[in-house]
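Numbering (my numbering), first residue to last: 1110 to 1341.
Put into structure tokens, the structure is as follows:
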């Protein structure tokens, strides 16, 4: 199955429209920015393999102790690890933070990624993914919410919904799904559309016991039909 041909444009737009009508994140504030591209990058790195609550606690505790990235670089490694422990994998993440900051300082002469705002999306994505520990999803989050560029990060919620819609198989990785969605979803709808999918996954299309009976996508979803639900 080729997802690019499997996702009919009419159905894709219908899904985006229905989720926007419920969650409104395309027109509403994204509320995902951390204020600067570098802050957003490190915060998103901390979110890997944990939830937003724990990753944000870790990020703001680190910034409370060391408000500038230069201070983070000078902090004792043991103290840095302790400050982000709640996010899990703290020794690995602390080392990655130091490696990323070192690389950015070497590349730009300062702890700042604002210059990426003037880069084209492909160049900015390529640079972000070249940094230690930064994969397609993390790079896409920074592109969408800190740099204002088109990107459609694929987390567990997004992947679950699009697979249930029949657009992708379990064998296709989140990175593959992300590449195909970014090629299919209109660029101006990608960041907000991603947030709508996340909210729908958290509140309706649960991993276990999805609430198909009240899902606005039920009549478009083969998984819902297989469970015996019909549109109301």
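Note that CB positions come from ideal geometry on N, CA and C, so glycine has one too.
These figures come from a predicted structure and were not determined experimentally.
query: When the Cβ atoms of the region 1269–1280 are set against those of the region 1299–1319, are three or more pairs found closer than 8 Å?; result: yes
query: Rounded to whole angstroms, what is the Cα-Cα separation between residue 1159 and residue 1190?; result: 16 Å
query: Excluding sequence positions up to five away, which residues of its chain have a Cβ less than 8 Å from the Cβ of residue 1340?; result: Only weak support is given to the placement of residue 1340: the predicted model assigns it a pLDDT of 49, under 50, and the value that follows is read from those uncertain coordinates. Excluding residues within five positions, the ones whose Cβ falls inside 8 Å are 1327, 1328.
query: Should residue 1164 go down as buried or exposed, given a rule of 16 or more other Cβ atoms within 10 Å for buried?; result: buried
query: Just mark residue 1179 as buried or exposed, buried being the case when its beta carbon has 16 or more other beta carbons within 10 Å.; result: exposed
query: Distance check for residue 1323 and residue 1220, CA to CA, integer angstroms please.; result: 47 Å
query: Does residue 1256 come out as helix, strand or coil in the three-state DSSP assignment?; result: coil
query: Is the beta carbon of residue 1203 closer than 8 Å to that of residue 1193?; result: yes
query: CA-CA distance, residue 1121 and residue 1286?; result: 14 Å
query: What would DSSP say about residue 1300, mapped onto helix, strand or coil?; result: helix
query: Anyone know if the C-beta pair for residue 1261 and residue 1290 falls short of 8 Å?; result: yes
query: Going by beta carbon distance, what residues of the same chain come within less than 6 Å of residue 1128, once the five residues before and after it are set aside?; result: 1305, 1309
query: Taking DSSP as the reference, what is the three-state secondary structure of residue 1310?; result: helix
query: When the Cα atoms are used, what is the spatial distance from residue 1169 to residue 1119?; result: 42 Å
query: If contacts are defined as beta-carbon pairs under 8 Å, then residue 1182 and residue 1207 qualify, I think. What distance do you get, rounded to the angstrom?; result: 7 Å
query: Locate the alpha helix (DSSP H) running through residue 1220, then write down its first and last residues.; result: First-last for residue 1220: undefined, no H or E at that position.
query: What does a CB cutoff of less than 8 Å around residue 1266 pick up in its chain, not counting 5 residues either side in sequence?; result: 1306, 1307, 1309, 1310, 1311, 1314
query: Assuming residue 1257 and residue 1135 make a contact with CB atoms under 8 Å, what is their CB distance in whole Å?; result: Going by Cβ atoms, the distance from residue 1257 to residue 1135 rounds to 14 Å, so no, they are not a contact pair.
query: Assuming residue 1131 and residue 1325 make a contact with CB atoms under 8 Å, what is their CB distance in whole Å?; result: 6 Å
query: Please list, in chain order, all residues of the same chain as residue 1331 whose beta carbon is under 8 Å from its beta carbon, the five residues on each side excluded.; result: 1273, 1274, 1275
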